[in-house]
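Note sheet for the following structure.
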Amino acid sequence: MTERTTAPRHGRSPGPVVVVAGALYDRGRLLAARRSAPAELAGRWELPGGKLEPGESPEEALVRELREELGVEVEPGERIPGEWPLKPGYVLRVWTARLLSGEPRPLEDHDELRWLTRPELDSVDWLDQDRPAVAEAALRFPEG
C-alpha cells in the first residue's frame, strides 16, 4: 500500500514541511550527492531529493526531484522507517529507489555525485541530518 501524504497548502500548515530523499541503489552502490548551495551546506554530502509540492505524494515528489536534480528516472521502493528533523519546521523522509534510466548528473544544488559501496559510506562528509537516514539505508543495501 502506498502512503499518500500530501504537501500542506500555502497558508495554514497542518504540520512540518516534508522533504523526501532517495536512497538510490544501482549495482550494489548507493548514490551520494555533494551540495553546492546554500553556503552553509556546500561541500557536504546528502541523499538527493527535495520538498513536496501541493497535492503530490512523497513518491511522486521523489520521482520529480530526482528527474530535476539528477536527470534520471527512478522507481520508488519502500519507505525507510524514521523521520529526521532538518531545520525548524522541516522533516526528512527517505525512500529506497531503483534507477530505471539515465546516468545521474549534478544538475541542481549539487556539484559532484559518487556511487558508494557499503564499506565506502563513511568516506564522505554527510550532512548531520542525513547520517541516521544513511545508516538506515545501509541496512537495506541490495546485493549486486
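If you're matching positions, the sequence shown starts at 0 in numbering that gives the first Met the number 0 and goes up one per residue.
From the three backbone atoms N, C-alpha and C, an ideal C-beta is built for every residue, glycine too.
Everything numeric in this text was worked out from a predicted model, so none of it was measured.
- Taking one beta carbon from each stretch, the segment 118-128 and the segment 30-50 have 3 or more pairs nearer than 8 Å; the two touch.
- Leu30: member of the beta strand (DSSP E) spanning 28-34, first to last residue.
- Residue pairing by DSSP places Ser100 opposite Glu72 in a beta bridge.
- In the structure shown, Ala20 falls within a strand segment according to DSSP collapsed to helix, strand and coil.
- Glu55 is classed as buried because its beta carbon has at least 16 other beta carbons within 10 Å across all chains shown.
- With the rule of 3 Cβ pairs closer than 8 Å, the segment 51-66 does not count as touching the segment 32-41.
- Considering only Trp83, Glu74, Gly14, the residue with the shortest C-alpha distance to Asp129 is Trp83.
- Between Ala96 and Gly14 the beta-carbon gap is near 24 Å, outside 8 Å, which marks them as no contact.
- A Cβ-Cβ contact shorter than 8 Å links Ala32 with Pro105.
- Cβ-Cβ distances below 7 Å link Leu69 to Pro47, Pro103, Arg104, Leu106 in the same chain, with the five nearest sequence neighbours on each side left out; the list follows chain order.
- According to DSSP, Leu115 shares a beta bridge with Leu29.
- Secondary structure at Arg66: helix, using DSSP grouped into helix, strand and coil.
- Distance check between Leu112 and each of Leu23, Ala136, Val16, Val17 places Leu23 closest, using alpha-carbon atoms only.
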